[in-house]
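Structure, as structure tokens:
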Amino acid sequence: MDITILRNVQEHNDATAEDVRRLLAARGICMINVMGGAGCGKTTLLERLIPRLAPLRCAVLEGDITTVHDAERIAGIGAPVTQLQTQGSCHLDAWLVHEGLNTLPLDEVDVLFVENVGNLVCPAEFDIGEHARLAVLSVMEGDDKPAKYPLLFTRATAVTLSKCDLVEHTDFDLSRAEKFIRVVNTDAQIIHTGKGLPGDDRLVEWIRRQRDAVAAAGASKRPAGARNS
Amino acid sequence: MHEFSLAMPMRDIALEHARAHGAVRVSKVVCRIGAMRQVVPELMHTAFEAVCSGTLAEGAELDIEIEPVHVTCNACGREAVCETVTYECPHCEAYEIRLEGGTDMLLTSISLELEDEHGHHDPAQRAGA
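Just so you know, the sequences run in chain order A and B. Numbering-wise (my numbering), the first sequence opens with residue 1 and increments by one. Numbering-wise (my numbering), the second sequence opens with residue 1 and increments by one.
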């Protein structure tokens with residue numbers, strides 16, 4: 001007996017992700033899923049950006065296979081943080097993030113960064129309930145990475161080429177990397193960041209805009225939520 | 001590495017339908033996976049076999065159909081359909097292309113056995129009928 005099914009294999013993960021997105025939006029919290037390879041500078045970027053985002057209050061869920069090193073670094077700048085250990089799994093899923101929310105003081109958070117496991121492949125496959133996806137590619141990696149790992153760049157809301165302060169010491173071709181990104185994503189904003197570079201300000205502005213959009217959408221929904229129409 | 005995380009819900013959807021129909025075995029699962037999805041078919045087969053072990057889907061055949069990615073070339077203006085991700089236009093080899101689609105992750109159909117190997121209906125199914 002053959003049965004036609006046509007169901008999204010990830011339907012349960014996606015439904016949980018949608019719950020997370022709604023729960024956060026209702027509180028005016030914008031979740032940004034930060035994805036990139038191991039060592040691309042995701043944690044360093046958050047350490048630099050979070051103090052500059054004030055008065056917006058930031059919190060972080062740190063995804064790693066094991067250790068609490070990254071969480072200790074974020075705690076060092078005074079932001080609420082929980083380390084999510086995937087215990088071997090190469091990515092975060094919506095359930096793990098949902099559980100992580102219970103550990104954070106959500107009433108005191110405007111922007112929630114989720115630093116995904118350092119990996120260009122698997123994290124891109126799973127919706128975790130984010131409002132925006134920030135892909136991080138450092139100039140210490142290959143400029144052809146967007147061609148080798150297209151899905152992560154296809155789904156990115158913004159891409160930052162990180163460690164650009166070091167680019168002159170590498171063979172990384174910024175325009176070649178951007179060309180590869182544009183093959184799969186014509187819309188993502190591409191921002192060059194690095195210690196002391198103006199791109200950091202542009203990224204801070206981009207994050208503020210993402211949060212403003214979530215807060216505005218939440219505010220516009222509140223009257224409708226009264227259900228008196 | 002994420003193949004196990006995809007194989008498990010695939011198995012669960014198949015088992016849900018198998019139970020609903022009172023089947024004694026899931027013999028085949030057909031899925032449609034986009035070329036952009038970075039799934040390694042060999043790993044998916046291994047993962048699927050492992051997660052089905054000890055269930056009604058043990059030994060089920062897994063048929064993976066690849067949903068192609070659509071290529072539009074900005075240089076020559078032609079289009080193409082590819083089953084693997086490319087960064088060159090298949091016609092003119094230019095890099096000025098756009099890739100779209102190829103992101104499906106669907107369980108499309110399953111094949112169920114409603115009788116045991118002796119040709120008898122499963123008692124549970126009869127009871128439920």
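Yeah, the Cβ is synthetic: ideal placement off N, Cα and C, and Gly gets one too.
Delimiting residues of the alpha helix (DSSP H) encompassing residue i
i	result
ARG22/A	11-26
THR160/A	That residue, THR160/A, is in no alpha helix (DSSP H); its beta strand (DSSP E) goes 158-162.
ARG230/A	Because chain A is modelled from 1 through 229, residue 230/A falls outside the range shown and cannot be assessed.
VAL97/A	94-101
GLU72/A	69-76
Contact under 8 Å by Cβ, residue i with residue j
i	j	result
LEU152/A	MET35/A	yes
VAL183/A	ARG78/B	no
HIS69/A	PHE126/A	no
VAL113/B	ALA23/B	The amino acid occupying residue 113/B in the given sequence is Glu; Val does not appear at that position. Yes.
VAL9/A	MET105/B	yes
GLU96/B	MET44/B	no
ALA57/B	LEU107/B	no
MET8/B	CYS31/B	no
ALA80/B	PRO90/B	yes
THR84/B	VAL71/B	no
ALA156/A	ALA135/A	yes
VAL121/A	ALA59/A	no
THR16/A	GLU115/A	no
SER109/B	ALA60/B	no
LEU49/A	ILE207/A	yes
LEU137/A	GLY100/A	no
THR154/A	THR193/A	no
GLY196/A	ARG21/A	no
GLY88/A	GLY39/A	no
HIS98/A	VAL214/A	no
SER111/B	MET140/A	no
Per-residue burial, residue i [other beta carbons within 10 Å of its own, 16 or more giving buried]
i	result
ASP171/A	exposed
ASN102/A	exposed
HIS17/B	buried
PRO51/A	exposed
THR66/A	exposed
GLY41/A	buried
ILE33/B	buried
PRO275/A	In the structure displayed, chain A extends from 1 to 229; residue 275/A sits before or after that span and is not available.
SER5/B	buried
ASP19/A	exposed
SER220/A	exposed
PRO55/A	exposed
VAL40/B	exposed
PRO150/A	buried
GLN38/B	buried
Where residue i falls: helix, strand or coil (DSSP)
i	result
ASP2/A	strand
CYS76/B	coil
ARG48/A	helix
VAL85/B	coil
ARG57/A	coil
ASN8/A	strand
GLY128/B	Only weak support is given to the placement of GLY128/B: the predicted model assigns it a pLDDT of 40, under 50, and the question is left unresolved by the model.
SER220/A	helix
GLY142/A	coil
HIS70/B	strand
HIS91/B	coil
TRP206/A	helix
LEU120/A	coil
ALA60/B	coil
THR43/A	helix
ALA79/A	coil
ASP171/A	coil
ASP201/A	helix
GLU125/A	helix
LEU106/A	helix
ALA226/A	Low confidence applies to ALA226/A: its pLDDT is 42, below 50, so where it sits in the model is not reliable, and the reading given next is rough at best. DSSP places ALA226/A in coil when its eight states are reduced to three.
Per DSSP, the bridge partner or partners of residue i
i	result
MET35/A	ALA135/A
LEU151/A	Bridge partners of LEU151/A: none, in fact.
GLU65/B	ARG32/B
ILE97/B	CYS73/B
LEU84/A	GLY63/A
VAL26/B	LEU112/B
PHE30/A	The residue you asked about is not Phe; residue 30/A is Cys in the sequence shown. Answer is VAL111/A, bridged to CYS30/A.
Enclosing beta strand (DSSP E) for residue i [first to last residue]
i	result
MET10/B	Unbroken run through MET10/B is the alpha helix (DSSP H), 3-20; no beta strand (DSSP E).
CYS52/B	No beta strand (DSSP E) contains CYS52/B, which is instead part of the alpha helix (DSSP H) from 41-52.
GLU113/B	105-113
VAL111/A	111-115
HIS192/A	189-192
The ligand ZN heavy atom lying under 7 Å from the CB of residue i
i	result
PHE48/B	The ligand content of the structure shown is nil, which means the ligand ZN is not present either.
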